[in-house]
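Peer 1: Mind looking over this structure? Questions follow.
Residue numbers (the numbering used here): 361 to 632.
See the structure below:
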């Protein structure tokens with residue numbers, strides 16, 4: 361049975377310690393006595409009962425890091441009136457995303473929020489557990505699930521990077537002892553061979569392009585020189601002006617033919 365006692369030994373007519381000692385049975389069945397550092401018997405007894413409860417759960421093999429934090433929080437709350445701040449998985453990830461909204465661009469914050477939401481949905485009811493209950497297996501399961509949906513390894517790497525940042529922040533603040541994302545390795549990305557655009561695809565791009573994009577697309581397909589790209593098109597010039605100034609290696613005047621986008625498109629389609 362757990363109880364509290366005081367050291368009755370005296371030194372120079374005074375007690376050696378003013379504190380109460382907690383007497384309880386540890387996880388190995390050994391009777392131990394630990395100082396509570398408290399002078400109030402009632403508070404010392406509350407701490408002693410929590411120590412005994414933790415030892416009993418450890419003996420049964422059900423004491424986890426998250427549970428230890430909860431018990432410690434209860435001890436501090438009974439003694440100081442304020443316990444440890446304990447976050448669930450959902451609460452911590454939401455707290456992390458709110459911080460990113462203040463320090464990152466909107467697009468980055470939305471990407472973080474999307475990843476956290478999908479991770480919480482996969483956890484289900486386990487999202488209500490203490491944030492310290494998340495293991496590397498949970499992270500790996502999330503990655504494998506996303507991979508089964510056909511997402512590219514590069515996208516999955518971004519997901520893990522975002523989760524790792526959240527759990528690393530929790531580690532820095534003392535809410536977890538290890539980052540569960542640390543052991544997760546990157547997936548091997550398959551090489552993809554890229555092909556050139558077909559004439560039909562180029563024609564479709566030209567039809568859909570607006571503004572300067574038309575000239576850039578046509579110039580890339582016709583191997584036009586850089587200064588011609590800059591000067592193209594020049595329909596706004598008078599018909600008699602076929603020269604334009606440009607700075608390319610030296611300040612010279614070079615011809616810039618006034619060719620319309622429609623004629624270029626016709627040449628491209630006819631050559632195909």
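All residues carry an ideal CB built from backbone N, CA and C; glycine is no exception.
1. Around the Cβ of residue 375, are there at least 16 other Cβ atoms within 10 angstroms (buried) or fewer (exposed)?
2. What does residue 382 pair with, by DSSP beta-bridge criteria?
3. Using a threshold of 8 Å, state whether the C-beta atoms of residue 496 and residue 544 are closer than that.
4. Taking the C-alpha atoms as reference points, what is the distance between residue 446 and residue 571?
5. Please classify residue 369: does DSSP put it in a helix, a strand, or coil?
6. For a test of the three-state rule: what should DSSP assign to residue 470, helix, strand or coil?
7. Since residue 502 and residue 482 are thought to touch, with beta carbons under 8 Å apart, how far apart are those beta carbons, to the nearest angstrom?
8. Quick one: is residue 449 buried, meaning 16 or more other Cβ sit within 10 Å of its Cβ, or exposed?
9. Below 6 Å CB to CB, which residues in the same chain sit around residue 522 once its five sequence neighbours on both sides are set aside?
10. Just mark residue 556 as buried or exposed, buried being the case when its beta carbon has 16 or more other beta carbons within 10 Å.
11. Hey, residue 499 and residue 480: beta-carbon distance below 8 Å or not?
12. Bridge partners for residue 374 per DSSP, in chain order?
13. Label residue 395 either buried or exposed according to how many other C-beta atoms from any shown protein chain fall within 10 Å of its C-beta, with 16 as the threshold for buried.
14. Quick one: is residue 530 buried, meaning 16 or more other Cβ sit within 10 Å of its Cβ, or exposed?
15. Say whether chain C places a C-beta atom closer than 8 Å to the C-beta of residue 569.
16. Return the chain-ordered ranges of every alpha helix (DSSP H) run that is complete within the stretch 477-535 and spans a minimum of 4 residues.
17. Please name the residue, chosen from 459, 432 and 569, that lies closest to residue 409 on a Cα-to-Cα basis.
18. Return the bridge partner residues of residue 635 from the DSSP annotation.
19. According to DSSP, which residues form a beta bridge with residue 448?
20. Are the stretch 417-426 and the stretch 453-473 touching by the rule of at least three beta carbon pairs closer than 8 Å?
21. Given this structure, state the Cα-to-Cα distance separating residue 415 from residue 534, to the nearest angstrom.
22. With distances taken from CA atoms, which of 526, 510 and 564 is nearest residue 550?
23. Determine whether the beta carbon atoms of residue 407 and residue 365 lie at a separation below 8 Å.
24. Taking the alpha-carbon of residue 411 as reference, which of 421, 397 and 385 has the nearest alpha-carbon?
25. Can you list, in chain order, the residues of its chain whose CB lies under 7 Å from that of residue 378, leaving out five sequence neighbours each side?
26. So the alpha helix (DSSP H) residue 420 belongs to, where does it begin and stop?
Peer 2: Looking at the atomic coordinates:
1. As a position in the chain shown, residue 375 is number 15, starting the count at 1. Exposed, because fewer than 16 other Cβ atoms sit within 10 Å of the Cβ of residue 375.
2. Locating residue 382 in the chain shown gives position 22, counting from the first residue. BP columns for residue 382 point to 364 and 394.
3. Here residue 496 refers to the residue found at position 136 of the chain shown. Here residue 544 refers to the residue found at position 184 of the chain shown. Yes, the pair counts as a contact, with Cβ atoms nearer than the cut-off.
4. The residue labelled residue 446 in the question sits at position 86 within the chain shown. The residue labelled residue 571 in the question sits at position 211 within the chain shown. Answer to the nearest angstrom: the Cα atoms are 56 Å apart.
5. Position 9 of the chain shown, counted from the start, is the residue given in the question as residue 369. DSSP places residue 369 in coil when its eight states are reduced to three.
6. If you number the chain shown from 1, residue 470 lands on position 110. In the structure shown, residue 470 sits in a helix (DSSP, three-state: H, G or I).
7. One-based indexing of the chain shown puts residue 502 at position 142. One-based indexing of the chain shown puts residue 482 at position 122. That pair is a contact at about 5 Å.
8. Walking along the chain shown from the start, residue 449 turns up at place 89. So residue 449 ends up on the buried side.
9. Translated into the one-based positions of the chain shown, residue 522 becomes position 162. Excluding residues up to 5 positions away in sequence, 472 and 475 lie with their Cβ nearer than 6 Å to the Cβ of residue 522 in the same chain.
10. Numbered from its first residue, the chain shown carries residue 556 at position 196. So residue 556 ends up on the exposed side.
11. In the chain shown, residue 499 corresponds to position 139, counting from 1. In the chain shown, residue 480 corresponds to position 120, counting from 1. In this structure, residue 499 lies away from residue 480, with their beta-carbon atoms at least 8 Å apart.
12. For this step, residue 374 is matched to residue 14 along the chain shown. Looking at the DSSP assignment, residue 374 forms a beta bridge with 371.
13. For the purposes of this step, residue 395 is taken as the residue at position 35 of the chain shown. Looking at its Cβ environment, which holds fewer than 16 other Cβ atoms inside 10 Å, residue 395 is exposed.
14. Here residue 530 is taken as the residue at index 170 of the chain shown, counted from 1. Classification for residue 530: buried.
15. The structure shown has no chain C; it contains just one protein chain.
16. 496-508 and 513-532
17. Here the question's residue 409 lines up with position 49 in the chain shown. Out of 459, 432 and 569, 432 has the C-alpha closest to the C-alpha of residue 409.
18. Lying before the first or after the last residue shown, residue 635 is absent from the chain, which here runs from 361 to 632.
19. Within the chain shown, the letter at position 88 stands for residue 448. Per DSSP, 490.
20. no
21. Locating residue 415 in the chain shown gives position 55, counting from the first residue. Locating residue 534 in the chain shown gives position 174, counting from the first residue. Distance between the alpha carbons of residue 415 and residue 534 is about 23 Å.
22. Position 190 of the chain shown holds residue 550. Nearest of 526, 510 and 564 to residue 550, Cα basis: 510.
23. The residue labelled residue 407 in the question sits at position 47 within the chain shown. The residue labelled residue 365 in the question sits at position 5 within the chain shown. Their beta carbons are not under 8 Å apart, which means residue 407 does not touch residue 365 by this criterion.
24. Here residue 411 refers to the residue found at position 51 of the chain shown. Nearest C-alpha to residue 411: 385.
25. Working through the chain shown from its first residue, we reach residue 378 at position 18. These residues qualify, in order along the chain: 399.
26. The residue given as residue 420 occupies position 60 in the chain shown. Taken as a continuous stretch (DSSP letters only), the alpha helix (DSSP H) holding residue 420 covers 401-420.
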